[in-house]
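Peer 1: Dropping the structure in here first, questions after.
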Amino acid sequence: MMGRTHALSGAVVWLAAAPALSQERWLGDFAVSLSPAQVAAGAVVCAGAALLPDIDHHNGRIANTIGPVTKSLCKWVGKVSGGHRQATHSILFALAAGLVMDLLATHVEYLWWVALFITVGFGLRGIGLDFEKHEVWSSVADCAVAALAVWWMSTLDMSFAGYAVTLGCLAHIAGDCLTPRGCPIFWPVKWRLDIPLVPRTDGKVERWVVGPVLTLAAAILAVRSVLGDVAVEWLGSG
1 MMGRTHALSG AVVWLAAAPA LSQERWLGDF AVSLSPAQVA AGAVVCAGAA LLPDIDHHNG
61 RIANTIGPVT KSLCKWVGKV SGGHRQATHS ILFALAAGLV MDLLATHVEY LWWVALFITV
121 GFGLRGIGLD FEKHEVWSSV ADCAVAALAV WWMSTLDMSF AGYAVTLGCL AHIAGDCLTP
181 RGCPIFWPVK WRLDIPLVPR TDGKVERWVV GPVLTLAAAI LAVRSVLGDV AVEWLGSG
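Residue 1 is where the sequence shown starts when you use my numbering, and the numbers rise one by one after that.
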């Protein structure tokens, strides 16, 4: 899957899951009540986190987000995790990433803002915020927009961030499981789940089916988040 597809899937998964996160009968003390601003911030974080599993790819799109910093980070993670589509493409990684981000958000403020900055930057690069053959300017643009997003989020209670990161990672893994190579979702078990409905990355199925479906879903869910279920019913009746 391409970066823009992963980022979009993260936003869609978050917008779909946000209402359930406030249900105390399901989550008990772990339930969170989200304001519209927090729902929007969660969508941004989840979209960025939907690129996180590809942190194992030293030459992938997100490796160039902040120049040599993210390039070195991705190269190191790739070596430790066993290569591309290994440990970071598993349920265990998704849960661990969410837990780490939750701990940072609630206990280590400055490291949290750094982690959030990088995560949002990944999402921006994933959706295509870059200038072809101009990596320096692409990194500058990513950093500038990511910094603005983090500044805006600094006024919000971000204690829900762990959910957004885990959901984003799971969205990425689910997407890659739809390709022929699949993912080792139960890593360290080597068995890989693959349901090859998308035969080729950036092929016709991804461009003309998956992308438009995710875009429509994101639009409908965003309207519901802002205006409520009545708006969705009105759209459906039209």
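Every residue, glycine too, gets a C-beta built ideally from N, C-alpha and C.
Is the number of C-beta pairs between the region 172-179 and the region 191-207 that are closer than 8 Å three or more?
Peer 2: Yes, since at least three Cβ pairs between the region 172-179 and the region 191-207 fall closer than 8 Å, the two stretches touch.
Peer 1: Confirm, please, whether the CB-CB distance from Ala17 to Gly239 is below 7 Å.
Peer 2: Outside the displayed range of the chain (1 to 238) lies residue 239, so it cannot be described from this structure.
Peer 1: Starting from Glu206, follow the alpha helix (DSSP H) in both directions and report where the run begins and ends.
Peer 2: Counting along the chain, Glu206 falls outside any alpha helix (DSSP H), and DSSP gives it neither H nor E.
Peer 1: Give me the Cα-Cα distance between Glu135 and Cys143, rounded to the nearest whole angstrom.
Peer 2: Roughly 12 Å between the two C-alpha positions.
Peer 1: Classify Gly238 as helix, strand or coil using the three-state DSSP reduction.
Peer 2: Only weak support is given to the placement of Gly238: the predicted model assigns it a pLDDT of 48, under 50, and the value that follows is read from those uncertain coordinates. Residue state, collapsed to three classes: coil.
Peer 1: Counting beta carbon pairs with one atom in the region 162-175 and one in the region 97-113, are three or more of them shorter than 8 Å?
Peer 2: Yes, they touch.
Peer 1: Does DSSP classify Cys183 as helix, strand or coil?
Peer 2: DSSP places Cys183 in strand when its eight states are reduced to three.
Peer 1: If you drop the 5 nearest sequence neighbours on each side, which residues of the same chain put their C-beta closer than 7 Å to that of Ala146?
Peer 2: Cβ neighbours of Ala146 beyond the five flanking positions: Phe117, Val120, Gly121 and Leu124.
Peer 1: Does DSSP put Leu193 in a helix, a strand or coil?
Peer 2: The answer is strand: DSSP assigns Leu193 an E or B state.
Peer 1: Can you name, in chain order, every residue of its own chain whose Cβ lies under 7 Å from the Cβ of Arg85, other than the five neighbours on each side?
Peer 2: Same-chain partners within the cutoff: Asp176, Arg181 and Cys183.
Peer 1: Entirely within the region 35-90 and at least 4 residues each: give me those alpha helix (DSSP H) ranges in chain order.
Peer 2: Listed in chain order, the complete alpha helix (DSSP H) runs (minimum 4 residues) inside the region 35-90 are 36-49 and 68-81.
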